[in-house]
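What follows is a set of notes on a single structure, which appears directly below.
2 protein chains.
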Amino acid sequence: MTIQTRRERERAERERLIVTAARELAEAEGWDAVTTRRLAAEIEYSQPVLYSHFKGKDAIMAAVAVQGCADLAAELGAARAKARGVRESLAAVAETYTSFAQRRPALYDAMFTHLVDLPFATPEAPAPLREAFGELLHAVEPIAAEGDDPGLLTETFWAGLHGLVTLMRSGRLPAEAHERRLALLIGHFAGS
Amino acid sequence: MTIQTRRERERAERERLIVTAARELAEAEGWDAVTTRRLAAEIEYSQPVLYSHFKGKDAIMAAVAVQGCADLAAELGAARAKARGVRESLAAVAETYTSFAQRRPALYDAMFTHLVDLPFATPEAPAPLREAFGELLHAVEPIAAEGDDPGLLTETFWAGLHGLVTLMRSGRLPAEAHERRLALLIGHFAGS
DNA sequence: CAGAAAGGCTAGCGATGCTAGAATCACGGT
DNA sequence: ACCGTGATTCTAGCATCGCTAGCCTTTCTG
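Protein chains in written order, with the UniProt record's numbering: chain A, 1 to 192; chain B, 1 to 192.
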């Protein structure tokens with residue numbers, strides 16, 4: 001038994017090694033630099049080892065995305081804890097969200113831009129994904145009008161944040177007006 | 001002169017052929033199917049011919065994106081012409097925008113998702129891009145409060161639409177609630 | 001009509017994701 | 001103690017990608 005469990009423990013550790021190496025390489029040089037060869041060299045194993053852990057490169061990106069969602073959820077939670085009122089919570093969460101996207105663009109892409117076959121809007125979604133959405137939900141819920149579905153409102157607000165972030169990062173929106181656009185979005189959702 | 005102009009005319013025609021072939025292939029089978037070899041076969045020329053017209057595959061996608069913006073601008077203009085009031089115009093434009101994105105996902109990706117080096121938010125941006133944004137601006141302008149910059153408000157509203165579209169198409173938002181989310185977005189911008 | 005020049009094609013380079021099959025290692029039974 | 005067995009890892013290679021160098025044919029010019 002002990003020998004079996006040691007094997008499994010080492011295997012799990014190597015899997016974590018792969019995911020963190022992929023994340024760090026992506027954050028340092030972008031996802032284009034994360035080739036299977038480069039990643040294999042980084043973990044000091046050969047390429048096929050990657051495929052004994054993950055179905056392919058996309059699966060590795062998905063694992064990175066899940067880890068990223070945990071990070072985001074933690075940051076959002078911390079921001080919400082510091083904020084006082086309802087509107088301040090919303091603003092703090094929104095600011096933290098867009099800041100996260102700008103500080104860690106590669107991670108954000110894996111989470112929300114790249115096509116990846118993760119169950120998202122279902123109960124089977126990985127816990128970190130639901131937690132990150134839950135943080136948004138907690139901030140949006142208080143500003144929902146009677147009769148509004150808080151979940152739907154959160155999704156819509158999230159879409160606003162996501163749109164701002166992606167359009168700005170691709171150069172389609174000028175970056176210098178970001179704060180003002182964010183204020184407009186919050187203003188229109190929190191009721192001026 | 002005539003022979004020179006004929007040459008140039010034929011060259012321009014072939015360039016249009018490349019762009020439309022790329023667009024049709026992308027819309028039919030997705031951008032992954034648009035390889036330089038496949039595209040060359042489609043236009044019945046060899047690969048290097050593509051590179052005598054465009055710097056690379058990304059430049060071809062950019063040309064397709066510009067063409068797509070012209071299409072979108074036309075659709076938005078038609079929708080706005082039919083609508084009566086201020087709020088109806090906004091709703092019609094929003095509905096047309098998201099419908100366009102769902103009907104022609106590959107085209108939409110080239111325009112607004114794919115990383116492409118087109119000047120966007122500047123006066124040097126290609127005319128179709130400015131026209132498409134102008135259509136949005138015309139619909140959003142009337143609902144801007146005094147003191148609000150209509151351009152910034154349009155950008156923010158656009159971001160909301162873009163976020164809804166991209167998150168839904170990647171499976172991160174459930175598609176069946178799209179209409180209700182869109183109604184929420186419009187409601188919060190047009191003042192309940 | 002010979003030479004120059006322009007344009008298109010064949011062939012190939014380096015790199016990608018992924019995989020088959022050889023080789024190596026640790027383990028268990030006699 | 002030793003050898004066979006099974007799992008694990010690596011070497012080598014496939015098909016395909018975007019892109020380009022260099023030949024070759026065709027066309028224009030003096």
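Glycine included, C-beta positions come from ideal geometry on N, C-alpha and C.
**OP:** Give a yes or no on contact between the stretch 101-116 of chain B and the stretch 53-67 of chain B, applying the rule of three or more CB pairs nearer than 8 Å.
**Re:** As far as the Cβ criterion goes, the stretch 101-116 of chain B touches the stretch 53-67 of chain B, which means the pair count is three or higher.
Subject >> Nearest-angstrom Cα separation, counted from A:Pro-119 out to A:Pro-126 >> reply: Rounded to the nearest angstrom, the two C-alpha atoms are 8 Å apart.
Original post:
Using 8 Å as the limit for Cβ to Cβ distance, is B:Thr-5 near chain A?
Top reply: Among the residues facing chain A, B:Thr-5 is not included, as its CB has no counterpart in that chain under 8 Å away.
Original post:
Does any C-beta atom of chain A lie closer than 8 Å to the C-beta of B:Pro-174?
Top reply: Among the CB atoms of chain A, one or more fall inside 8 Å of the CB of B:Pro-174.
**OP:** Return the chain-ordered list of same chain residues with a C-beta closer than 7 Å to the C-beta of A:Ile-186, the five sequence neighbours on each side being excluded.
**Re:** For A:Ile-186, where only same-chain residues beyond five positions count, the Cβ hits under 7 Å are Leu-90, Ala-91, Ala-94.
Original post:
Which whole-angstrom value is the C-beta distance of A:Ala-98 and A:Leu-161, which I expect to be below 8 Å?
Top reply: Correcting the residue type first, residue 98 of chain A is Thr in the shown sequence and not Ala. The Cβ separation is near 6 Å, so the contact holds.
**OP:** Scan the UniProt domain "HTH tetR-type" (12-72) of chain B for residues whose Cβ lies nearer than 7 Å to a Cβ of chain A and list them as they occur along the chain.
**Re:** Taking 7 Å as the Cβ-Cβ cut-off against chain A, none of the residues of the UniProt domain "HTH tetR-type" (12-72) of chain B qualify.
Original post:
Would the beta-carbon of B:Leu-182 fall within 8 Å of that of B:Thr-154?
Top reply: The criterion of a C-beta distance shorter than 8 Å is not satisfied by B:Leu-182 and B:Thr-154.
**OP:** Could you say if the stretch 10-30 of chain B and the stretch 169-182 of chain A meet the contact criterion of at least three C-beta pairs nearer than 8 Å?
**Re:** Output reads no: the stretch 169-182 of chain A does not touch the stretch 10-30 of chain B.
Original post:
Comparing the CB of A:Lys-82 with every heavy atom of the ligand COA, is any distance shorter than 7 Å?
Top reply: For the ligand COA, the structure offers nothing, since it holds no ligand at all.
**OP:** Give me the Cα-Cα distance between A:Met-61 and B:Gly-56, rounded to the nearest whole angstrom.
**Re:** A direct Cα-Cα distance of roughly 27 Å separates A:Met-61 from B:Gly-56.
**OP:** Might you give, ordered along the chain, the residues of its own chain that have their beta carbon closer than 8 Å to the beta carbon of B:Ala-40, omitting 5 neighbours on each side?
**Re:** Around B:Ala-40: Ser-46, Gln-47, Val-49, Leu-50.
**OP:** Measure from the C-beta of A:Ser-89 to each C-beta in chain B and report whether the shortest distance is under 8 Å.
**Re:** False, the Cβ-Cβ gap to chain B never drops below 8 Å.
**OP:** Measure the Cβ-Cβ separation of B:Ala-132 and B:Ala-79 and say whether it is below 8 Å.
**Re:** Contact flag unset, no.
Original post:
So which of B:Phe-189, B:Val-86, B:Ala-33 has the shortest CA-CA distance to B:Ala-139?
Top reply: Here the closest residue by C-alpha is B:Val-86.
**OP:** Indicate the three-state DSSP secondary structure (helix, strand or coil) for B:Tyr-45 in the structure shown.
**Re:** In this structure, DSSP gives B:Tyr-45 a state outside helix and strand, which the three-state scheme calls coil.
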